[in-house]
Amino acid sequence: GFSRNENKKLIKKYAYLLLATVLSTLAVNLLQYLQTGKFFAIFEVLSSWNNQLRIPEFPLTTWDSYRLLWLDSAAFLVGAFALFFLLRFFILKLKKFHFGIEPALAFSLAYLFVVPFYMLWFAGVDAGGGTSIFSLNRYIFATPFFSIFLLHVLHATNFNKNTLLGFALVLTVVLVMYGFPQYTWGLLTKVSGAENRFLQLTGVIVMAFGLLFTTHKRHGNKAVFVLYLLNVFLQLKLFTAWINGSWVG
Numbered sequence: 008g009f010s011r012n013e014n015k016k017l018i019k020k021y022a023y024l025l026l027a028t029v030l031s032t033l034a035v036n037l038l039q040y041l042q043t044g045k046f047f048a049i050f051e052v053l054s055s056w057n058n059q060l061r062i063p064e065f066p067l068t069t070w071d072s073y074r075l076l077w078l079d080s081a082a083f084l085v086g087a088f089a090l091f092f093l094l095r096f097f098i099l100k101l102k103k104f105h106f107g108i109e110p111a112l113a114f115s116l117a118y119l120f121v122v123p124f125y126m127l128w129f130a131g132v133d134a135g136g137g138t139s140i141f142s143l144n145r146y147i148f149a150t151p152f153f154s155i156f157l158l159h160v161l162h163a164t165n166f167n168k169n170t171l172l173g174f175a176l177v178l179t180v181v182l183v184m185y186g187f188p189q190y191t192w193g194l195l196t197k198v199s200g201a202e203n204r205f206l207q208l209t210g211v212i213v214m215a216f217g218l219l220f221t222t223h224k225r226h227g228n229k230a231v232f233v234l235y236l237l238n239v240f241l242q243l244k245l246f247t248a249w250i251n252g253s254w255v256g
């Protein structure tokens, strides 16, 4: 077990982390007060979006139905896999296996799980029925936490029989939550070619980063430069679409 001094250091460490969280939250709310004249204005905004604790309604949906359902469901699947890894690490810890988990990975997994969990239990219900997860994809894929998670999966995961069975189980549960197989044809027919090309391009960039940092980097600097150029291109493309009135979420 921990010694008395180690316990004190641990308590002090988490006390500082908690204090930093509280102070940063108050600072954000102070900024919102200066902008809106109301403290904790975020709760009023959430109320206007009909966000409150409720039992989820299935099948899940999103704000633009089939056009974004494929992407939001993929983001939800990432959150489910994050929970799978968290439970796996927890079970290994209970069995007293000697392993370490990097703080960045632990935080990333927690974030990727908590966001979909919040959406599932607090998001509003669509007019046509079903809990709407409101463009969940941008809170998952457009974050560094997803990149950290993906790097871990590519680099450290032992794809043995039990892990693959766990993946299959998670995938099946998420598909059922989204109305599989009834909604499958709509997902296949309502996704436009432009969206597919955009997904393919962003997927190539993300996977390229992952492969670059998990393999030998003979031409690492040149590859990173090319990938950053592709990132800038995508950012400018999306920004141009946004200032011209397109909703890119």
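Residue numbering for the sequence shown follows my numbering, starting at 8 and increasing by one per position.
All C-beta atoms in this analysis are idealised placements derived from N, C-alpha and C, irrespective of residue type, glycine included.
- Residue 87 sits close to residue 180, with the two beta carbons spaced by under 8 angstroms.
- By a beta-carbon distance limit of 8 angstroms, residue 122 contacts residue 146. Their separation comes to about 5 angstroms.
- A Cβ-Cβ distance of about 10 angstroms is found for the pair residue 85 and residue 116, leaving them out of contact under the 8 angstroms criterion.
- In the three-state reduction of the DSSP assignment, residue 138 falls in the strand class, which pools E and B.
- Residue 179 carries a helical assignment under DSSP once its states are collapsed to helix, strand and coil.
- Using a C-beta cut-off of 8 angstroms, the region 91 to 103 makes no contact with the region 26 to 36, since fewer than three inter-stretch Cβ pairs fall below that distance.
- A distance below 8 angstroms separates the beta carbons of residue 70 and residue 142.
- Residue 42: member of the alpha helix (DSSP H) spanning 11 to 43, first to last residue.
- The residue from 151, 248, 253 and 12 with its alpha-carbon nearest to that of residue 111 is 151.
- For the pair residue 175 and residue 65, the Cα-to-Cα distance works out to about 20 angstroms.
- Each residue's CA atom was taken as its position, placing residue 172 and residue 35 some 43 angstroms apart.
- Scanning 131, 30, 81 and 158 for the CA closest to the CA of residue 60 turns up 131.
- Excluding residues up to 5 positions away in sequence, 129, 130 and 131 lie with their Cβ nearer than 8 angstroms to the Cβ of residue 58 in the same chain.
- Residue 95 and residue 241 have their C-alpha atoms spaced approximately 35 angstroms apart.
- Residues 96 of the same chain have their beta carbon placed closer than 8 angstroms to that of residue 108, with the five preceding and five following residues left out of the count.
- The beta-carbon distance between residue 68 and residue 137, rounded to whole angstroms, is 4 angstroms. This is short enough to meet the 8 angstroms contact definition.
- Its Cα nearest to that of residue 93, the residue 114 stands out among 78, 114 and 79.
- Around residue 63, the same chain offers 127, 128 and 138 as residues with beta carbons nearer than 7 angstroms, after the five sequence neighbours per side are excluded.
- Collapsing the DSSP output to three states places residue 69 in coil.
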